[in-house]
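These notes concern the structure reproduced below.
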Ligand SMILES: C[S@@+](CC[C@H](N)C(=O)[O-])C[C@H]1O[C@@H](n2cnc3c(N)ncnc32)[C@H](O)[C@@H]1O
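Numbering (this note's numbering), first residue to last: 8 to 254.
Structure follows, in C-alpha cells:
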C-alpha cells in the first residue's frame with residue numbers, strides 16, 4: 008500500500024481498490040474522490056444541459072433539493088427505500104448512483120453493517136459537497152463520476168440503488184447497463200423515477216426540458232435485456248419503482 012493510500016479516508020481507500028482504472032495520484036481534496044477533475048461531466052458520455060440538472064448542479068438548487076427530499080422522505084411513502092428487499096449482506100458493498108445529498112448512501116451503509124461500505128456517485132460538485140459534509144464516514148464515501156460510465160470493476164457491488172436520477176441521464180439505458188456490469192450475480196437493483204403513467208407518450212412529444220419521461224415498461228425492458236430476473240414495476244402516483252435481480 009502506498010503513502011497516498013494511507014492518507015485517504017478509509018471509505019475512499021476501499022473505493023480505490025474497487026476501481027477499474029485507479030488514479031496514481033487520487034484527488035480527494037474536496038472530501039470525495041474526484042475522477043472527473045475540473046470537468047463538470049465526463050467528456051466521453053453525453054451531457055444533460057437542461058435547466059433541471061443545472062439547478063441540481065448549483066449551490067442553491069442542491070440546498071433546496073436537500074431540504075425538499077428530507078421532507079418528502081418523511082411524508083411520502085413512495086420515497087421509502089426498499090432496504091430490506093435490497094438484502095445487502097453484512098459487510099457488503101452498496102452503490103448509490105446519483106447520490107445527491109448522500110442520505111440514501113448513508114442508509115445503505117447502515118444496512119450493510121459496521122464492516123460494510125456504501126459509495127455514492129454523482130456529477131454535481133455542490134451535491135457532493137453536501138454529501139461529504141453531512142454523510143461521509145468510515146463506511147460512506149463519495150465519488151465524482153458519471154452514471155453512464157461507472158468507474159468500478161465488473162461484479163464489485165452487492166446492491167445498487169438509484170433514486171430520482173435516471174430521468175436526468177442523457178442515455179439511461181447506458182447507465183442501467185453500467186449498473187448491471189458492476190453488480191455481482193444475484194445482486195439486487197432498485198430504481199426510482201418520476202413517471203406520468205399513460206400520459207408518457209404525450210409528454211414525449213413535447214419539447215425536452217432535460218428530463219426523460221419514461222414509458223411504464225421502459226426501465227423494466229432494459230433491465231430484462233441486461234439479463235435481470237424477477238423484474239417488478241410498481242407505480243405510486245407520480246413515481247415508479249423498478250426492482251430486479253442480476254442474472
Ligand atoms: C433529484 S437528485 C436525486 C438525489 C438522490 N438520489 C435522492 O434521491 O435524494 C438527482 C441527482 O442525480 C445527479 N445526476 C444527474 N445526472 C447524473 C449522471 N449522469 N451521473 C451521476 N449523477 C447524475 C444529479 O447531479 C443529482 O444530484
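Just so you know, even glycine gets a beta-carbon here, dropped at the ideal spot from N, CA and C.
Ordered along the chain, residues surrounding ligand 1 are 63, 76, 105, 107, 129, 130, 131, 134, 153, 154, 170, 171, 172, 175, 176 [Cβ under 5 Å from any heavy atom]. Taken atom to atom, the span from the alpha-carbon of residue 75 to that of residue 154 is near 23 Å. Contact annotation, residue 57 with residue 203: C-beta distance approximately 17 Å; criterion of less than 8 Å not satisfied. DSSP, read as helix, strand or coil, puts residue 110 in helix.
Residue 184 and residue 157 have their C-alpha atoms spaced approximately 10 Å apart.
When the Cα atoms are used, residue 62 and residue 111 turn out to be separated by approximately 20 Å. In the structure shown, residue 152 adopts coil according to DSSP, grouped into three states.
Nearest in C-alpha terms to residue 191, of all of 146, 235, 91, 73, is 235. Boundaries of the alpha helix (DSSP H) harbouring residue 68: 66–82, taken from the DSSP string. DSSP, reduced to helix, strand and coil, places residue 130 outside both helices and strands of the structure shown, so it counts as coil. With a threshold of 16 other beta carbon atoms within 10 Å, residue 150 meets it and is buried.
CA-to-CA, the gap between residue 233 and residue 223 works out to about 18 Å. Of the candidates 200, 138, 195, 199, the residue whose Cα lies closest to the Cα of residue 37 is 138. At least 7 Å separates the beta-carbon of residue 17 from that of residue 23. Between the C-alpha atoms of residue 145 and residue 77 there is a straight-line separation of about 23 Å.
Secondary-structure assignment with DSSP links residue 201 through a beta bridge to 246.
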